[in-house]
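A.B. asks: Got a structure here, written out as structure tokens. Questions coming.
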Amino acid sequence: MTRLPFSIRGTADVTELHPRTGDATRSEHAPAAPGSMNRLVVISNRVPLPGIGPRAGGLAVALDGLMEKRGGLWFGWSGTVSSTATDRPVQVTTAGTVDYATVDLTPEEHDRYYNGFSNGVLWPLLHSMPDLIQYDRTDAQIYRDVNTRLAAQVAPLIGPDDLIWVHDYHLLPLPAALRACGVANPIGFFLHIPFAAPEILEAAPDMGDLVTHLLEADLVGFQTEGDMANFAAAATLLAGAVRLPGNTLSVNGRRVLLGVFPVEIHAQEFAGQAEANARKLPVVRLRQSLPGQTLILGLDRLDPTKGLLQRIAGLRRLLETQPEWKRRITLLQVAAISRKEVGSYRALRAALDRESGNLNADFGEPDWLPLRLISHGVDRATAAGFMRTARVGLVTPLRDGMNLVAKEFVAAQNPADPGVLILSRFAGAAQQLDAALLVNPHDADAMAEALTTALTMSLAERQDRWQALYNAIEHRSPLGWGRMFLAQLLRGAVRRGRFEHNDEPVRAYAEA
Ligand code: F6P
């Protein structure tokens, strides 16, 4: 098995952070002094291997910059499925300061761990959509087995002073699997998606065990207070944890800290990208194809949580009740194909094709259609340009951990003539972006009303709302988010005496 050289000693780089945003007080782009930090080991199902182009999705957006800046080891699935996966050693590729260590999955593992249990059970369950789960006991077993295998393969790569950060629902039992391999390092876990109430979780018989295994981490982070509260309730009800003051749980004599760390984007950087791309050909062509029309934009993966059918129902209700909008608006809905081997995703694709066809047939004219539905993804730069061109951003998931598209839509706007964000109350982003038009996506009339309000909103109100939204995201960044989490993880480790290098600045920050 490949072993990596370790050059890691000392304390983490957490001494100069803004206590609320996690931003560094010195330049973010100044490289950290080599050897001044504990090495970071990130473990996630997807690994954005160098050379495969930018990866869409919240996890990559959140972590790419942090890893590039901080360096470390990123371990997970290679994205390849091969029948010899379990016989092959870990593959290591180095790019800059990051070592990417990956393993393949066998076809059965991919089918059962990734499609069957992660995306067929945990994804809908944690999004509070238990009616969509397709539970199979063998899938659950193989999910646990893959986590055990991943732990055994990464354990020899972990050095004594490394900080370990595990990500997302594919890897809930990994903290316990790592401990079983003798890994005593501080382990943090961040859940990018929501966490459901215990009575919903109980639809999958394994949830008590999974929560127990996750509680082998030292710090468990969530996107919102609601997710953290649901997890604390599940930990007490299903895993026998006891709540202590200060978001702490006691489990078998160990303390586990919980925390809320909303994922952020780099707003200024995205604004620059949007401005530059608004002048490029794909955006110019889009605008030219919409003479005299206002663009309403939706950008999502094709996923049952995203509320795509409800969005079409809202547009239908608008056109039924206010036909004067005919010919004056177009909804461009990107619904990028995703997880197409999972039954609920295939069913959604069929339903979406049917509903969009019906809408266009019922309301369309020879020279105008209300909806353009596109099932392939759009690269992030072009998406940024589209967002700047749109008058209305429709981000209306039925449930969402955060939804970075909502934050990106805000960042992409022209401050002099900004578009309006219509945002689901059930997206984590609604906690911060409460100056958006907040809607319940299940209520087609409310969706139609929000569309009317957005389409007729005065410039002054658009500017006021946009400014409030931008203020909520401007001084935050993915780097700050990562630093906040890691600082918290390190503080716990220092408190437990796990690291000898317990110097003053770390403690000063910990107590701020
Ligand atoms: O946290 C959700 C997430 O893992 C994001 O990284 C991304 O939006 C999406 O799901 C990617 O899904 P998949 O890895 O199944 O393609």
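Just so you know, we're using my numbering here: the sequence shown kicks off at 117 and counts up by one. C-beta: ideal position from N, C-alpha, C; glycine also.
Would you call the CB atoms of G509 and M503 closer than 8 Å?
C.D. replies: yes
A.B. asks: Measure the alpha-carbon distance for P630 versus G473 and round it to whole angstroms.
C.D. replies: No answer is possible for residue 630: the residues shown for the chain start at 117 and end at 628.
A.B. asks: What residues sit near the ligand F6P, counting only those whose C-beta is closer than 7 Å to one of its heavy atoms, in chain order?
C.D. replies: N161, R162, A172, G173, G174, L175, A176, N235, D284, H308, I309, R417, S454, R455 and G517
A.B. asks: Taking V511 as the reference, which of A543, P534 and A500 has the closest Cα?
C.D. replies: A543
A.B. asks: Could you tell me if Q404 is buried or exposed, where buried requires 16 or more neighbouring beta carbons within 10 angstroms of its beta carbon?
C.D. replies: The residue is exposed, with fewer than 16 neighbouring Cβ atoms inside 10 Å.
A.B. asks: What are the boundary residues of the alpha helix (DSSP H) that D343 is part of?
C.D. replies: Looking at the DSSP string, the run of the alpha helix (DSSP H) that includes D343 is E341 to A355.
A.B. asks: Could you pull out every unbroken alpha helix (DSSP H) segment of at least 4 residues lying fully inside the segment 226-251, listed in chain order?
C.D. replies: 239-242
A.B. asks: Short check: CB of K523 to CB of A551, under 8 Å?
C.D. replies: no
A.B. asks: Does the separation of the CB atoms of F311 and L330 fall below 8 Å?
C.D. replies: no
A.B. asks: CA-CA distance, A451 and Q409?
C.D. replies: 21 Å
A.B. asks: Would you call the segment 390-405 and the segment 429-440 in contact, with 3 or more CB pairs under 8 Å?
C.D. replies: In short, these stretches do not touch, since the Cβ pair count stays below three.
A.B. asks: As an exercise, report each continuous beta strand (DSSP E) stretch of at least 3 residues that is fully enclosed by the segment 379-454, in chain order.
C.D. replies: 410-417 and 445-452
A.B. asks: Pairing CB atoms from the segment 369-376 with CB atoms from the segment 322-337, are three or more of them under 8 Å?
C.D. replies: yes
A.B. asks: Count the other CB atoms within 10 Å of the CB of T141; is the residue buried (16 or more) or exposed (fewer)?
C.D. replies: Residue confidence for T141 is low, a pLDDT of 38 falling below 50, so the modelled location carries little weight and cannot support an answer.
A.B. asks: Below 7 Å CB to CB, which residues in the same chain sit around N235 once its five sequence neighbours on both sides are set aside?
C.D. replies: Closer than 7 Å at the Cβ level, and outside the excluded window around N235, lie R455 and V458.
A.B. asks: Check whether the segment 583-596 touches the segment 559-568, taking contact to mean three or more Cβ pairs, one atom from each stretch, closer than 8 Å.
C.D. replies: no
A.B. asks: When you compare only the Cα positions, how much space is there between A333 and P166?
C.D. replies: Rounded to the nearest whole angstrom, the CA to CA distance from A333 to P166 is 29 Å.
A.B. asks: With 16 other CB atoms within 10 Å as the buried threshold, where does I168 fall?
C.D. replies: exposed
A.B. asks: Please work out which residues of its chain come closer than 7 Å, Cβ to Cβ, to G608, disregarding the five sequence neighbours upstream and downstream, and give them in chain order.
C.D. replies: P302, D334, L335 and L373
A.B. asks: Using three-state DSSP, classify F542 as helix, strand or coil.
C.D. replies: coil
A.B. asks: If you run the structure through DSSP and keep just helix, strand and coil, what is E315?
C.D. replies: helix
A.B. asks: T505 by DSSP, collapsed to three states: which one?
C.D. replies: helix
A.B. asks: Could you check whether the segment 237-251 touches the segment 185-198, counting it as contact only if at least three pairs of C-beta atoms, one from each stretch, sit closer than 8 Å?
C.D. replies: The segment 237-251, when compared against the segment 185-198, does not touch it at the 8 Å Cβ threshold.
A.B. asks: Let me make sure I understand the geometry here. Which of R488, L290 and C297 has the alpha-carbon closest to that of D642?
C.D. replies: Residue 642 is absent from the model: the chain starts at 117 and stops at 628.
A.B. asks: Suppose contacts are defined by Cβ-Cβ distances below 8 Å. Is V327 in contact with A350 by that definition?
C.D. replies: Annotated as proximal: V327 and A350, with beta-carbon spacing under 8 Å.
A.B. asks: DSSP on N519, reduced to helix/strand/coil?
C.D. replies: coil
A.B. asks: Following the continuous alpha helix (DSSP H) through D220, name the residue where it begins and the one where it ends.
C.D. replies: No alpha helix (DSSP H) holds D220; the beta strand (DSSP E) holding it covers V214 to L221.
A.B. asks: Assuming L468 contacts G181 under a Cβ cut-off of 8 Å, what Cβ separation, rounded to an integer in Å, is found between them?
C.D. replies: The distance from the Cβ of L468 to that of G181 is about 33 Å, inconsistent with a contact at the 8 Å cut-off.
A.B. asks: Hey, quick one: how far does the beta strand (DSSP E) through W193 stretch, first residue to last?
C.D. replies: It spans G188 to V197 - the beta strand (DSSP E) in which W193 sits, taken as one unbroken run.
A.B. asks: Determine the DSSP secondary structure at H283, reduced to helix, strand or coil.
C.D. replies: strand
A.B. asks: Got a sec, what are the start and stop residues for the alpha helix (DSSP H) V262 sits in?
C.D. replies: R253 to V270
A.B. asks: Which class does R371 belong to by DSSP, given the choice of helix, strand or coil?
C.D. replies: strand
A.B. asks: Can we say the segment 482-491 touches the segment 425-435, given the rule of at least three CB pairs closer than 8 Å?
C.D. replies: yes
A.B. asks: DSSP on N154, reduced to helix/strand/coil?
C.D. replies: It is coil, neither helix nor strand.
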